[in-house]
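Heads up, the thing below is written out as C-alpha coordinates.
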Amino acid sequence: MNKPIENKPLDGVRVIDFGQFVAGPAATQVLADMGAEVIKVEPVSGESCRIIGQYGEAIIRTYNRGKKDIALDLKDPRGLKIARELIASADIVVQNLRPGVMDGLGLGSEAVRAAHPEIVYATVSGFGLHGPSKERPGFDIAAQAESGIMWVTGEADGEPQRVGFPVVDSAAAHVFAQAILGAYIRRLRFGVGDEVEVSLLEVAVHLQGPNWGKYLMTGIEPMRKGNGQPSVAPAAEVMSTRDGEIVLSAYSPAHFAALCRFVERRDLLEDPRFVDNPSRVANRAALLAELRPAFAQITSDDAMDQLGVHGVVAGRISSYGEVRKNPDVEASGLFIDVEAADGVHYTSLKSPWSLRSVSDQGGLGAPDLGQHTAELLGQLGYSEREIADLEVDSVVRTQR
1 MNKPIENKPL DGVRVIDFGQ FVAGPAATQV LADMGAEVIK VEPVSGESCR IIGQYGEAII
61 RTYNRGKKDI ALDLKDPRGL KIARELIASA DIVVQNLRPG VMDGLGLGSE AVRAAHPEIV
121 YATVSGFGLH GPSKERPGFD IAAQAESGIM WVTGEADGEP QRVGFPVVDS AAAHVFAQAI
181 LGAYIRRLRF GVGDEVEVSL LEVAVHLQGP NWGKYLMTGI EPMRKGNGQP SVAPAAEVMS
241 TRDGEIVLSA YSPAHFAALC RFVERRDLLE DPRFVDNPSR VANRAALLAE LRPAFAQITS
301 DDAMDQLGVH GVVAGRISSY GEVRKNPDVE ASGLFIDVEA ADGVHYTSLK SPWSLRSVSD
361 QGGLGAPDLG QHTAELLGQL GYSEREIADL EVDSVVRTQR
(Lines of atoms letter the chains of each structure in order from A and count residues from 1; the text may use other names and numbers.)
(Lines give C-alpha, C1' and ligand atoms only; values in the text may rest on other atoms or scores of the structure.)
Protein backbone atom coordinates (compact mmCIF):
# COMPACT_ATOMS: atom_id res chain seq x y z
CA MET A 1 0.00 0.00 0.00
CA ASN A 2 1.26 3.49 -0.83
CA LYS A 3 2.15 5.60 2.17
CA PRO A 4 0.04 8.74 2.57
CA ILE A 5 1.66 11.98 1.46
CA GLU A 6 2.26 14.23 4.46
CA ASN A 7 2.02 17.63 2.76
CA LYS A 8 -0.87 19.01 0.72
CA PRO A 9 0.12 20.84 -2.48
CA LEU A 10 -0.44 24.34 -1.06
CA ASP A 11 0.62 23.85 2.55
CA GLY A 12 2.25 27.09 3.74
CA VAL A 13 0.61 29.28 1.07
CA ARG A 14 -1.39 32.25 2.39
CA VAL A 15 -4.32 33.61 0.38
CA ILE A 16 -6.15 36.85 1.22
CA ASP A 17 -9.68 36.51 -0.11
CA PHE A 18 -11.70 39.68 -0.69
CA GLY A 19 -14.30 37.67 -2.63
CA GLN A 20 -18.05 37.59 -2.16
CA PHE A 21 -20.89 35.44 -3.47
CA VAL A 22 -19.65 32.54 -5.67
CA ALA A 23 -16.91 33.07 -8.27
CA GLY A 24 -14.18 34.39 -5.95
CA PRO A 25 -14.92 32.32 -2.82
CA ALA A 26 -15.48 29.12 -4.81
CA ALA A 27 -12.06 29.54 -6.42
CA THR A 28 -10.33 30.08 -3.08
CA GLN A 29 -12.23 27.07 -1.72
CA VAL A 30 -10.27 24.99 -4.22
CA LEU A 31 -7.05 26.53 -2.91
CA ALA A 32 -8.12 25.86 0.68
CA ASP A 33 -8.87 22.22 -0.14
CA MET A 34 -5.34 21.97 -1.56
CA GLY A 35 -3.94 23.12 1.77
CA ALA A 36 -3.67 26.91 1.48
CA GLU A 37 -4.46 29.13 4.45
CA VAL A 38 -7.29 31.26 3.10
CA ILE A 39 -8.20 34.41 5.03
CA LYS A 40 -11.64 35.71 4.15
CA VAL A 41 -11.91 39.49 4.54
CA GLU A 42 -15.47 40.72 5.16
CA PRO A 43 -17.06 44.05 6.07
CA VAL A 44 -17.88 44.37 9.77
CA SER A 45 -21.55 43.91 8.83
CA GLY A 46 -20.74 40.77 6.83
CA GLU A 47 -20.80 40.11 3.11
CA SER A 48 -24.14 40.27 1.34
CA CYS A 49 -24.63 36.50 1.35
CA ARG A 50 -25.01 36.57 5.12
CA ILE A 51 -28.16 38.68 4.92
CA ILE A 52 -30.12 37.21 1.98
CA GLY A 53 -31.59 34.16 3.67
CA GLN A 54 -31.09 30.44 3.11
CA TYR A 55 -29.68 30.76 -0.39
CA GLY A 56 -26.98 33.12 0.85
CA GLU A 57 -26.24 30.87 3.81
CA ALA A 58 -25.93 27.94 1.41
CA ILE A 59 -23.32 29.88 -0.59
CA ILE A 60 -21.38 30.70 2.59
CA ARG A 61 -21.45 27.08 3.75
CA THR A 62 -20.50 25.59 0.39
CA TYR A 63 -17.64 27.89 -0.64
CA ASN A 64 -15.96 28.93 2.62
CA ARG A 65 -15.11 25.69 4.37
CA GLY A 66 -11.99 25.76 6.52
CA LYS A 67 -11.18 29.41 5.86
CA LYS A 68 -10.27 31.98 8.49
CA ASP A 69 -12.47 35.06 8.75
CA ILE A 70 -11.56 38.64 9.63
CA ALA A 71 -14.11 41.47 9.65
CA LEU A 72 -12.73 44.92 8.75
CA ASP A 73 -14.03 48.37 7.89
CA LEU A 74 -11.90 49.17 4.86
CA LYS A 75 -13.26 52.71 4.74
CA ASP A 76 -11.50 53.45 8.01
CA PRO A 77 -7.74 54.14 7.64
CA ARG A 78 -7.05 51.74 10.51
CA GLY A 79 -8.97 48.94 8.80
CA LEU A 80 -7.19 49.69 5.54
CA LYS A 81 -3.83 49.50 7.34
CA ILE A 82 -4.72 46.04 8.63
CA ALA A 83 -5.69 44.93 5.12
CA ARG A 84 -2.32 46.12 3.80
CA GLU A 85 -0.54 44.24 6.57
CA LEU A 86 -2.43 41.06 5.69
CA ILE A 87 -1.59 41.48 2.02
CA ALA A 88 2.09 41.97 2.89
CA SER A 89 2.00 38.54 4.57
CA ALA A 90 0.36 36.82 1.59
CA ASP A 91 1.34 34.88 -1.49
CA ILE A 92 -1.95 35.35 -3.35
CA VAL A 93 -4.64 38.06 -3.25
CA VAL A 94 -8.08 37.32 -4.71
CA GLN A 95 -10.92 39.78 -5.23
CA ASN A 96 -14.23 40.11 -7.02
CA LEU A 97 -15.58 43.27 -5.40
CA ARG A 98 -17.60 45.85 -7.32
CA PRO A 99 -15.47 47.32 -10.14
CA GLY A 100 -13.27 50.15 -8.93
CA VAL A 101 -13.62 49.44 -5.21
CA MET A 102 -10.18 47.92 -4.66
CA ASP A 103 -8.48 50.58 -6.79
CA GLY A 104 -10.29 53.28 -4.85
CA LEU A 105 -8.95 51.84 -1.60
CA GLY A 106 -5.41 51.68 -2.92
CA LEU A 107 -5.62 47.87 -2.91
CA GLY A 108 -5.86 47.31 -6.65
CA SER A 109 -3.45 45.13 -8.58
CA GLU A 110 -1.18 47.97 -9.69
CA ALA A 111 -0.69 49.33 -6.17
CA VAL A 112 -0.31 45.94 -4.51
CA ARG A 113 2.15 44.54 -7.04
CA ALA A 114 4.17 47.74 -7.03
CA ALA A 115 4.68 47.20 -3.29
CA HIS A 116 4.94 43.39 -3.53
CA PRO A 117 6.11 42.25 -6.99
CA GLU A 118 6.13 38.62 -5.88
CA ILE A 119 2.39 38.51 -5.14
CA VAL A 120 -0.13 36.81 -7.43
CA TYR A 121 -3.05 39.25 -7.68
CA ALA A 122 -6.22 37.74 -9.09
CA THR A 123 -9.44 39.45 -10.15
CA VAL A 124 -12.67 37.92 -11.42
CA SER A 125 -15.14 40.40 -12.92
CA GLY A 126 -18.40 40.32 -14.79
CA PHE A 127 -17.35 41.70 -18.17
CA GLY A 128 -13.57 42.00 -18.08
CA LEU A 129 -11.33 44.89 -17.13
CA HIS A 130 -10.69 46.43 -20.55
CA GLY A 131 -13.98 46.87 -22.42
CA PRO A 132 -16.76 49.45 -22.15
CA SER A 133 -18.60 47.37 -19.53
CA LYS A 134 -15.61 47.07 -17.19
CA GLU A 135 -17.38 49.03 -14.43
CA ARG A 136 -20.69 47.20 -14.69
CA PRO A 137 -21.52 44.88 -11.82
CA GLY A 138 -21.44 41.33 -13.10
CA PHE A 139 -23.77 38.52 -12.16
CA ASP A 140 -24.27 35.01 -13.48
CA ILE A 141 -27.61 35.74 -15.10
CA ALA A 142 -26.24 38.70 -17.08
CA ALA A 143 -23.40 36.54 -18.37
CA GLN A 144 -25.83 33.78 -19.34
CA ALA A 145 -27.88 36.35 -21.26
CA GLU A 146 -25.06 38.20 -23.03
CA SER A 147 -22.95 35.16 -23.90
CA GLY A 148 -25.60 33.35 -25.94
CA ILE A 149 -26.39 30.69 -23.31
CA MET A 150 -29.97 31.85 -22.86
CA TRP A 151 -30.33 32.29 -26.62
CA VAL A 152 -29.85 28.54 -27.16
CA THR A 153 -31.57 27.27 -24.00
CA GLY A 154 -35.30 26.54 -23.99
CA GLU A 155 -37.99 25.27 -26.33
CA ALA A 156 -37.97 26.50 -29.92
CA ASP A 157 -41.30 28.28 -29.52
CA GLY A 158 -40.76 29.37 -25.92
CA GLU A 159 -38.93 32.19 -24.19
CA PRO A 160 -35.17 32.00 -23.55
CA GLN A 161 -34.34 30.06 -20.38
CA ARG A 162 -31.52 30.36 -17.89
CA VAL A 163 -29.66 27.27 -16.76
CA GLY A 164 -31.23 26.24 -13.46
CA PHE A 165 -28.22 27.09 -11.28
CA PRO A 166 -25.41 29.69 -11.44
CA VAL A 167 -23.48 27.72 -14.05
CA VAL A 168 -21.28 30.62 -15.15
CA ASP A 169 -20.30 31.60 -11.60
CA SER A 170 -19.44 27.98 -10.85
CA ALA A 171 -17.47 27.41 -14.05
CA ALA A 172 -15.67 30.74 -13.67
CA ALA A 173 -14.54 29.71 -10.19
CA HIS A 174 -12.79 26.62 -11.55
CA VAL A 175 -11.23 28.58 -14.42
CA PHE A 176 -10.14 31.23 -11.91
CA ALA A 177 -8.54 28.66 -9.60
CA GLN A 178 -6.74 27.07 -12.56
CA ALA A 179 -5.32 30.42 -13.67
CA ILE A 180 -4.26 31.31 -10.11
CA LEU A 181 -2.43 28.01 -9.77
CA GLY A 182 -0.69 28.62 -13.10
CA ALA A 183 0.45 32.05 -11.92
CA TYR A 184 1.65 30.61 -8.62
CA ILE A 185 3.66 27.92 -10.40
CA ARG A 186 5.29 30.71 -12.42
CA ARG A 187 6.20 32.44 -9.15
CA LEU A 188 7.76 29.22 -7.83
CA ARG A 189 9.79 28.77 -11.01
CA PHE A 190 10.85 32.33 -11.71
CA GLY A 191 10.41 34.20 -8.42
CA VAL A 192 7.99 36.81 -9.69
CA GLY A 193 4.28 37.35 -9.21
CA ASP A 194 1.59 37.81 -11.80
CA GLU A 195 -1.83 39.31 -12.43
CA VAL A 196 -4.77 37.01 -13.15
CA GLU A 197 -7.93 38.22 -14.86
CA VAL A 198 -11.04 36.13 -15.51
CA SER A 199 -14.47 37.37 -16.51
CA LEU A 200 -17.85 35.69 -16.30
CA LEU A 201 -18.62 36.76 -19.87
CA GLU A 202 -15.50 35.12 -21.31
CA VAL A 203 -16.12 31.90 -19.41
CA ALA A 204 -19.78 31.84 -20.47
CA VAL A 205 -18.82 32.20 -24.14
CA HIS A 206 -16.06 29.61 -23.87
CA LEU A 207 -18.40 27.05 -22.26
CA GLN A 208 -20.21 26.91 -25.59
CA GLY A 209 -17.12 25.89 -27.56
CA PRO A 210 -18.75 23.40 -29.97
CA ASN A 211 -21.59 25.81 -30.77
CA TRP A 212 -19.12 28.61 -31.41
CA GLY A 213 -16.89 26.34 -33.45
CA LYS A 214 -19.76 25.49 -35.79
CA TYR A 215 -20.94 29.10 -35.97
CA LEU A 216 -17.43 30.32 -36.83
CA MET A 217 -17.21 27.71 -39.59
CA THR A 218 -20.65 28.24 -41.11
CA GLY A 219 -21.95 31.62 -39.99
CA ILE A 220 -25.25 29.91 -39.11
CA GLU A 221 -26.72 31.06 -35.78
CA PRO A 222 -27.53 28.28 -33.30
CA MET A 223 -31.18 28.42 -32.22
CA ARG A 224 -33.20 27.14 -29.30
CA LYS A 225 -34.53 23.65 -29.97
CA GLY A 226 -35.35 22.31 -26.52
CA ASN A 227 -33.94 18.83 -26.02
CA GLY A 228 -32.11 17.05 -28.77
CA GLN A 229 -29.23 18.35 -30.82
CA PRO A 230 -29.44 20.18 -34.12
CA SER A 231 -27.07 18.08 -36.23
CA VAL A 232 -27.35 14.51 -34.90
CA ALA A 233 -30.25 12.24 -33.95
CA PRO A 234 -31.33 10.65 -31.75
CA ALA A 235 -29.24 12.78 -29.38
CA ALA A 236 -30.05 14.13 -25.91
CA GLU A 237 -33.62 12.86 -26.31
CA VAL A 238 -35.93 12.52 -23.30
CA MET A 239 -37.85 9.28 -23.03
CA SER A 240 -40.67 8.86 -20.52
CA THR A 241 -40.64 5.52 -18.77
CA ARG A 242 -43.27 3.84 -16.64
CA ASP A 243 -41.96 5.57 -13.51
CA GLY A 244 -39.82 8.50 -14.63
CA GLU A 245 -37.69 9.84 -17.45
CA ILE A 246 -34.33 9.10 -19.00
CA VAL A 247 -32.24 10.84 -21.62
CA LEU A 248 -30.33 9.00 -24.33
CA SER A 249 -28.09 9.50 -27.35
CA ALA A 250 -27.62 6.91 -30.10
CA TYR A 251 -26.69 8.76 -33.29
CA SER A 252 -23.69 6.75 -34.49
CA PRO A 253 -24.64 3.87 -36.84
CA ALA A 254 -23.59 1.26 -34.29
CA HIS A 255 -25.44 2.89 -31.41
CA PHE A 256 -28.59 3.50 -33.47
CA ALA A 257 -28.60 -0.14 -34.50
CA ALA A 258 -28.18 -1.17 -30.85
CA LEU A 259 -31.09 1.08 -29.83
CA CYS A 260 -33.32 -0.45 -32.51
CA ARG A 261 -32.46 -3.93 -31.30
CA PHE A 262 -33.26 -2.91 -27.71
CA VAL A 263 -36.74 -1.63 -28.60
CA GLU A 264 -37.22 -4.63 -30.95
CA ARG A 265 -37.68 -2.37 -33.95
CA ARG A 266 -35.06 -3.57 -36.41
CA ASP A 267 -37.38 -2.38 -39.18
CA LEU A 268 -36.39 1.20 -38.34
CA LEU A 269 -32.92 0.48 -39.72
CA GLU A 270 -34.42 -0.05 -43.18
CA ASP A 271 -36.92 2.81 -43.00
CA PRO A 272 -35.80 5.45 -45.55
CA ARG A 273 -36.73 8.19 -43.04
CA PHE A 274 -34.07 6.94 -40.64
CA VAL A 275 -31.49 5.26 -42.86
CA ASP A 276 -28.70 7.69 -41.99
CA ASN A 277 -28.04 10.59 -39.62
CA PRO A 278 -29.15 13.41 -41.98
CA SER A 279 -32.42 11.53 -42.55
CA ARG A 280 -32.95 11.04 -38.82
CA VAL A 281 -32.31 14.74 -38.15
CA ALA A 282 -34.82 15.71 -40.82
CA ASN A 283 -37.39 13.28 -39.40
CA ARG A 284 -36.63 13.58 -35.67
CA ALA A 285 -40.27 13.95 -34.60
CA ALA A 286 -41.31 10.82 -36.51
CA LEU A 287 -38.35 8.90 -35.10
CA LEU A 288 -39.24 9.80 -31.52
CA ALA A 289 -42.85 8.81 -32.14
CA GLU A 290 -41.60 5.36 -33.13
CA LEU A 291 -39.22 4.94 -30.19
CA ARG A 292 -41.15 6.36 -27.24
CA PRO A 293 -43.91 3.72 -26.93
CA ALA A 294 -41.31 1.08 -26.08
CA PHE A 295 -39.93 3.11 -23.18
CA ALA A 296 -43.38 3.83 -21.78
CA GLN A 297 -43.76 0.12 -21.01
CA ILE A 298 -40.65 -0.29 -18.81
CA THR A 299 -39.18 1.24 -15.67
CA SER A 300 -36.26 3.64 -15.67
CA ASP A 301 -34.12 1.04 -13.88
CA ASP A 302 -34.85 -1.59 -16.53
CA ALA A 303 -34.20 0.89 -19.33
CA MET A 304 -30.87 1.94 -17.85
CA ASP A 305 -29.77 -1.65 -17.26
CA GLN A 306 -30.63 -2.80 -20.77
CA LEU A 307 -29.34 0.28 -22.59
CA GLY A 308 -26.01 -0.17 -20.85
CA VAL A 309 -25.86 -3.78 -22.01
CA HIS A 310 -26.52 -2.61 -25.56
CA GLY A 311 -23.84 0.12 -25.32
CA VAL A 312 -26.25 3.04 -25.65
CA VAL A 313 -25.39 6.25 -23.80
CA ALA A 314 -28.18 7.11 -21.35
CA GLY A 315 -28.81 8.79 -18.03
CA ARG A 316 -31.63 8.75 -15.51
CA ILE A 317 -33.15 12.22 -15.03
CA SER A 318 -32.85 12.54 -11.27
CA SER A 319 -34.18 14.77 -8.55
CA TYR A 320 -31.75 16.13 -5.96
CA GLY A 321 -32.95 13.49 -3.51
CA GLU A 322 -32.21 10.77 -6.06
CA VAL A 323 -28.81 12.23 -6.86
CA ARG A 324 -27.98 12.17 -3.14
CA LYS A 325 -28.66 8.41 -3.09
CA ASN A 326 -26.91 7.64 -6.38
CA PRO A 327 -24.39 4.88 -5.57
CA ASP A 328 -21.78 6.41 -7.90
CA VAL A 329 -22.12 9.77 -6.14
CA GLU A 330 -21.92 8.01 -2.77
CA ALA A 331 -18.79 6.15 -3.88
CA SER A 332 -17.14 9.41 -4.93
CA GLY A 333 -17.34 10.88 -1.42
CA LEU A 334 -18.59 14.16 -2.86
CA PHE A 335 -20.79 14.87 0.17
CA ILE A 336 -18.75 15.46 3.31
CA ASP A 337 -19.39 16.10 6.98
CA VAL A 338 -18.05 19.38 8.37
CA GLU A 339 -18.22 21.12 11.72
CA ALA A 340 -19.47 24.69 12.11
CA ALA A 341 -17.98 27.15 14.58
CA ASP A 342 -20.71 26.33 17.12
CA GLY A 343 -19.88 22.62 16.99
CA VAL A 344 -22.92 21.68 14.91
CA HIS A 345 -22.18 19.32 12.03
CA TYR A 346 -23.65 19.72 8.56
CA THR A 347 -23.22 18.14 5.15
CA SER A 348 -21.41 20.04 2.42
CA LEU A 349 -19.74 19.41 -0.96
CA LYS A 350 -16.04 18.77 -1.40
CA SER A 351 -14.09 19.93 -4.42
CA PRO A 352 -14.84 17.56 -7.32
CA TRP A 353 -11.38 16.04 -7.65
CA SER A 354 -9.15 13.68 -5.72
CA LEU A 355 -5.46 13.90 -4.88
CA ARG A 356 -3.66 11.29 -2.83
CA SER A 357 -2.10 14.14 -0.85
CA VAL A 358 -5.56 15.46 0.02
CA SER A 359 -7.12 12.45 1.66
CA ASP A 360 -9.94 14.30 3.40
CA GLN A 361 -11.65 17.60 2.60
CA GLY A 362 -13.96 17.36 5.60
CA GLY A 363 -13.28 18.96 8.95
CA LEU A 364 -14.07 22.60 9.53
CA GLY A 365 -17.07 24.28 7.97
CA ALA A 366 -17.48 27.93 7.01
CA PRO A 367 -16.30 30.42 9.65
CA ASP A 368 -18.56 32.82 11.49
CA LEU A 369 -18.23 36.51 10.73
CA GLY A 370 -15.08 37.78 12.44
CA GLN A 371 -14.31 34.40 13.96
CA HIS A 372 -10.54 34.77 13.50
CA THR A 373 -10.21 38.56 13.70
CA ALA A 374 -8.52 38.55 17.13
CA GLU A 375 -6.23 35.66 16.19
CA LEU A 376 -5.06 37.29 12.96
CA LEU A 377 -4.59 40.71 14.51
CA GLY A 378 -2.56 39.08 17.25
CA GLN A 379 -0.31 37.54 14.60
CA LEU A 380 0.17 41.03 13.14
CA GLY A 381 1.33 42.31 16.53
CA TYR A 382 -1.83 43.98 17.83
CA SER A 383 -2.35 43.79 21.61
CA GLU A 384 -5.63 42.74 23.21
CA ARG A 385 -6.24 46.35 24.24
CA GLU A 386 -5.64 47.61 20.71
CA ILE A 387 -8.02 45.00 19.32
CA ALA A 388 -10.68 45.96 21.87
CA ASP A 389 -10.31 49.64 20.99
CA LEU A 390 -10.65 48.88 17.30
CA GLU A 391 -13.81 46.92 17.96
CA VAL A 392 -15.30 49.69 20.06
CA ASP A 393 -14.78 52.02 17.08
CA SER A 394 -16.34 49.40 14.70
CA VAL A 395 -13.11 49.17 12.71
CA VAL A 396 -13.04 45.42 13.28
CA ARG A 397 -15.47 42.83 14.50
CA THR A 398 -14.46 39.83 16.54
CA GLN A 399 -16.57 36.76 17.11
CA ARG A 400 -19.37 37.48 19.56
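Going by the UniProt record's numbering, the letters in the sequence shown line up with residues 1 to 400, in that order. For every residue, glycine included, the Cβ atom is placed at its ideal position computed from N, Cα and C.
Nearest in C-alpha terms to G308, of all of F262, I141, A173, N7, is F262.
Rounded to whole angstroms, L288 and G154 show a C-alpha spacing of 19 angstroms. Apart from the 5 residues on each side of it in sequence, V238 sits with its Cβ closer than 6 angstroms to the Cβ of N227, E245, V247 in its chain, given in chain order. Of the residues S348, L376, L355, the one whose Cα lies closest to the Cα of Y63 is S348. Exclusion of the five residues before and after G128 leaves K134, E197, S199, L201, E202 as the residues of its chain whose Cβ lies within less than 8 angstroms of its Cβ. In the structure shown, I92 falls within a strand segment according to DSSP collapsed to helix, strand and coil.
Secondary structure of D17 (DSSP, three-state): strand.
Bridge partners of K68 according to DSSP: I39. The Cβ neighbour count for N7, taken over all protein chains shown within 10 Å, is under 16; the residue is labelled exposed. In this structure, DSSP gives D11 a state outside helix and strand, which the three-state scheme calls coil.
By the Cβ neighbour-count rule, Q379 is exposed, with fewer than 16 other Cβ atoms within 10 Å of its own. Remark: three or more beta-carbon pairs, one from each stretch, lie closer than 8 angstroms, so the stretch 66-86 and the stretch 384-398 are flagged as touching. Nearest Cα to Q229 within the set S249, D389, S359: S249.
Excluding the 5 residues flanking it on each side, R98 has same chain C-beta neighbours closer than 7 angstroms at P137, in chain order.
In the three-state scheme derived from DSSP, where H, G and I count as helix and E and B as strand, E47 is classed as coil. Checking the DSSP bridge columns, you'll see H372 has no partner listed.
Contact check between the stretch 9-21 and the stretch 75-90: three or more CB pairs, one atom from each, fall below 8 angstroms, which counts as touching. When secondary structure is reduced to three states using DSSP, S359 falls in the coil class, being assigned neither helix nor strand. Comparing C-alpha distances from R162 to each of S147, A282, L377 shows the shortest one belongs to S147. When secondary structure is reduced to three states using DSSP, M34 falls in the coil class, being assigned neither helix nor strand.
Spatial neighbours of G370 in its own chain (CB-CB distance under 8 angstroms, excluding positions within 5 residues in sequence) are listed in chain order as E42, V44, D69, I70, A71, V396, R397, T398, Q399, R400. At the C-beta level, E290 and R266 stay beyond 8 angstroms of one another. Runs of the alpha helix (DSSP H) spanning 4 or more residues and lying entirely within the stretch 95-157 occur at 101-104, 109-115, 140-147, in chain order. E245 has S240 as its beta-bridge partners, per DSSP.
Beta-bridge annotation (DSSP): S199 is paired with S125. Within its own chain, the residues whose Cβ lies closer than 8 angstroms to the Cβ of H310, once the five positions on either side in sequence are excluded, are A258, L259, R261, F262, listed in chain order. Only exposed fits A88, as fewer than 16 other CB atoms lie within 10 angstroms of its CB. The C-beta separation of D194 from V112 comes to about 12 angstroms, leaving the pair out of contact by the 8 angstroms criterion.
Counting other Cβ atoms within 10 Å of its Cβ, T241 reaches 16 or more and is therefore classed as buried.
In its chain, beyond the 5 residues on either side, V323, F335 have a beta carbon closer than 8 angstroms to the beta carbon of V329.
For F335, the uninterrupted beta strand (DSSP E) segment begins and ends at 335-339. Around the CB of P352, fewer than 16 other CB atoms lie within 10 Å, so the residue is classed as exposed.
According to DSSP, residue pairing for G315 in a beta bridge involves V247. The stretch 313-327 and the stretch 271-283 do not touch, with fewer than three beta-carbon pairs separated by less than 8 angstroms.
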